[in-house]
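To start, the structure under review is shown below, and the notes come after it.
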Amino acid sequence: MKKLLPLLLAGMSLISCEQMMKDRGEEPEAEPVKKVVIGNDKDAKGCVTSAGYRWSLLKKECIRVYDVGYRLNPVQELKDVGTAYSAFVVFNDDQSVVEVFLPDSSKTFLLSKTEEGIYKADNWMLEVKKDYTLSKEGSPMYAGALIEEKRVTGDDNAQS
Numbered sequence: 001m002k003k004l005l006p007l008l009l010a011g012m013s014l015i016s017c018e019q020m021m022k023d024r025g026e027e028p029e030a031e032p033v034k035k036v037v038i039g040n041d042k043d044a045k046g047c048v049t050s051a052g053y054r055w056s057l058l059k060k061e062c063i064r065v066y067d068v069g070y071r072l073n074p075v076q077e078l079k080d081v082g083t084a085y086s087a088f089v090v091f092n093d094d095q096s097v098v099e100v101f102l103p104d105s106s107k108t109f110l111l112s113k114t115e116e117g118i119y120k121a122d123n124w125m126l127e128v129k130k131d132y133t134l135s136k137e138g139s140p141m142y143a144g145a146l147i148e149e150k151r152v153t154g155d156d157n158a159q160s
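Just so you know, the UniProt record's numbering puts 141 at position 141 of the sequence shown, and the rest follows in order with no gaps.
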């Protein structure tokens, strides 16, 4: 019996060491995390959307509208909401046509100059006189910073 006890203890210590040294590779793996790599998400025209590029009908190339266009903010929301809710307009070289990029649409549309400072198509109109105002069916939807400053401060002499 005295010889059995040390033998039993030695066997148990070997078994416990084996459990500690055992490879745990049999455990279920966590789901792989999907990573978005910039430059890996091109749209149908080849524009890298994760880098902010969109296809321009007017320029016939991928552009970043916040780099080359004019930003127009929603008239109804006068707080700083960022570019995610802003519309942008991009003019052609002779300023006879303007392309409109709306925040909630992947499609753009063109407005043609009908008179000095007025661009129209369908039910949209862009006024580019002293300020920029984009209207739909006669109702102002987006405006440039100068319009917003007047509405917020009440100052008609606001400078952009």
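Glycine is no exception: its CB is placed at the ideal position from the N, C-alpha and C atoms.
Buried/exposed call for residue i, threshold 16 Cβ in 10 Å
| i | result |
| --- | --- |
| residue 133 | buried |
| residue 5 | exposed |
| residue 99 | buried |
Residue i to residue j span [Cα, whole Å]
| i | j | result |
| --- | --- | --- |
| residue 75 | residue 85 | 11 Å |
| residue 161 | residue 54 | Shown here, the chain extends from 1 to 160; a query on residue 161 therefore has no answer. |
| residue 43 | residue 121 | 26 Å |
| residue 59 | residue 106 | 16 Å |
| residue 124 | residue 139 | 9 Å |
| residue 112 | residue 69 | 16 Å |
| residue 41 | residue 72 | 27 Å |
| residue 90 | residue 45 | 18 Å |
| residue 103 | residue 144 | 15 Å |
Given residue i as reference, the closest of the options once Cα atoms are compared
| i | options | result |
| --- | --- | --- |
| residue 108 | 114, 97, 117 | 97 |
| residue 66 | 117, 123, 5, 101 | 101 |
| residue 87 | 56, 141, 93, 62 | 141 |
DSSP three-state assignment for residue i, whether helix, strand or coil
| i | result |
| --- | --- |
| residue 119 | strand |
| residue 75 | coil |
| residue 56 | strand |
| residue 32 | coil |
| residue 135 | strand |
Near the ligand MN: residue i beta-carbon under 6 Å from a heavy atom
| i | result |
| --- | --- |
| residue 111 | The ligand MN is not part of this structure, which contains no ligands at all. |
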